[in-house]
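So the structure is just underneath, and the comments pick up after that.
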Amino acid sequence: MIQLTEEQRMIHATVRKIAVEKIAPRAASIDESDEFPMDYVDVFKENRLFKMVLPEEYGGIDADTTTLCLIVEELARAYASAPQMLITTGAVLQMLLKAATEAQKEKFFKRLEKGTQACSFALTEPGHGSDAGSLQTKAVLDGDHYMINGAKAFITTGEIAELHLIFVRTGGEKAKGISVMMVDKDTPGFRVGKKEKKMGFNGTGTVELIFDDVRVPRDNLIGEVNKGWSLLTGVANMMRVWGAGCTALGNAEGALEYVIEYSKQRVQFGKPIASFQAIQFMLADMAMEIEAAKSLIYRTAYLMDTNGASFDEIESLVCMCKCYAADVGMKATTDAVQIMGGYGYTQDFPVERRMRDAKSVQIYDGSNQIQRVVIARNMIGRL
Ligand SMILES: Cc1cc2nc3c(=O)[nH]c(=O)nc-3n(C[C@H](O)[C@H](O)[C@H](O)COP(=O)(O)OP(=O)(O)OC[C@H]3O[C@@H](n4cnc5c(N)ncnc54)[C@H](O)[C@@H]3O)c2cc1C
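Quick note, the sequence shown lines up with residues 7 to 389 if you use our numbering.
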């Protein structure tokens, strides 16, 4: 493990306590009901975790990437769904820190004092997922307001977010005509649409967002008009390391810890199944691959924190963190089910949930195919 500062150690210990005492005991019931866990919201608010990326002057904890990794990994080790509301909010606030004016920061950070404090990050549309550069939700300038019409799909935390950061079309040409805007949930014409019934990742409030003649002040435009794509690639995509990457990592670690104990207890042919080499090799592979994912993630986080590496310099590493950790998470949780046999396949034990949750990380935040496309393109160029 990397060398942590005293402050990182303290935050890690606090989050571990929260994960063990408040997050883990509720995982099975949240998975079952798919209700948004407002008790988690309260705990995260109390511990300033929604504002974790903000400087202390704005009530945050000024978390660097390594600290964000520690927080997400620890929460996901208890329950993969738990940190998702913090990831979407953290990504939005990082975007505002980077691109908003002082007046906008003041306005939106203050707005977050009210209600849940959660934000959603809304890029995907019903017709545009991987090809997000073709998105169609339109914002048309009308005096000192923008009029927004369209819909977003699969938006995590959308169900309870106070503020939504949305990508909209303000110009004609694919990625060159996209801007970023903030929409308050109380704006007339805005509503939360259908809630997705998913195979896992329950309790994350994944919904459609509907914009029907939504008028927002021109001042809700973040950064320059038609330059939203560079904010996405240069700022937001960094969250793949501490968001999706650490979600997959923590979830896999939780599965491994569970099956180590199970395999020592479960007796077949008069011996604990952990004594069979077939089981030992699966455990060894899980541990090896989890360790490799962890090294990749924390090394990348270190580069971001200490070398101030820009996204262009480390884009492939960022994609590798997300893609590799998600694949490791899928394999490790699938093997965890295998190690537990029939019991692993039942809902009486947590590993089948971990396997369902692991699948989502291979899809969201840019599918693993798209990460591979980018990694390959950075090696061989655009052919
Ligand atoms: C649980 C969950 C939470 C999510 N949360 C959010 C959120 O908070 N905000 C948000 O904006 N979006 C969110 N999404 C949406 C997510 O980012 C998209 O689902 C994802 O980008 C894939 O888009 P799609 O589902 O439209 O699949 P499609 O783009 O239709 O892709 C279908 C398949 O084709 C493959 N494919 C597509 N293009 C290529 C290509 N060029 N080369 C190779 N393969 C390709 C994909 O990898 C995939 O396997 C979430 C999704 C899920 C499942």
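For glycine and all other residues, C-beta sits at the position ideal for the given N, C-alpha and C.
For Arg246, no beta strand (DSSP E) segment is defined, and its DSSP state is neither H nor E.
If you look at Glu108, you'll find it in the alpha helix (DSSP H) that goes 108-117.
Pairing Asp318 with Met326, the inter-Cα distance amounts to about 14 Å. From the listed residues Lys57, Lys104, Met385, the smallest Cα separation to Thr239 is found for Lys104.
Remark: the shortest separation between the CB of Gln375 and any heavy atom of ligand 1 falls under 6 Å.
Within the DSSP bridge table, the entry for Asp148 names His151 as partners.
Separation of Trp235 and Ile184 (C-alpha to C-alpha, rounded to the nearest whole angstrom) is 6 Å. Annotated as distal: Thr176 and Gly156, with beta-carbon spacing of 7 Å or more.
The bridge partners DSSP lists for Lys158 are Leu215. Under a 10 Å Cβ-count criterion, Asp37 is classified as buried, with 16 or more other Cβ atoms of the shown protein chains found around its own Cβ. Sequence-distant partners of Ala280 (beyond 5 residues in either direction) whose C-beta falls short of 6 Å from its own C-beta, in its chain, are Ser269, Lys270. According to the DSSP secondary-structure assignment, Val198 is paired through a beta bridge with Leu215.
Restricting attention to alpha helix (DSSP H) runs no shorter than 4 residues, the stretch 56-86 encloses them at 71-84, ordered along the chain. Under the three-state reduction of DSSP output, Lys204 falls in the coil class, being neither helix nor strand. In the three-state scheme derived from DSSP, where H, G and I count as helix and E and B as strand, Val324 is classed as helix. The count of Cβ pairs closer than 8 Å, one atom from the stretch 28-48 and one from the stretch 76-89, reaches three, so the stretches are in contact. For Val357 and Met292, the gap between their C-alpha atoms comes out near 14 Å.
By DSSP's assignment, His170 forms a beta bridge with Ser126, Val189.
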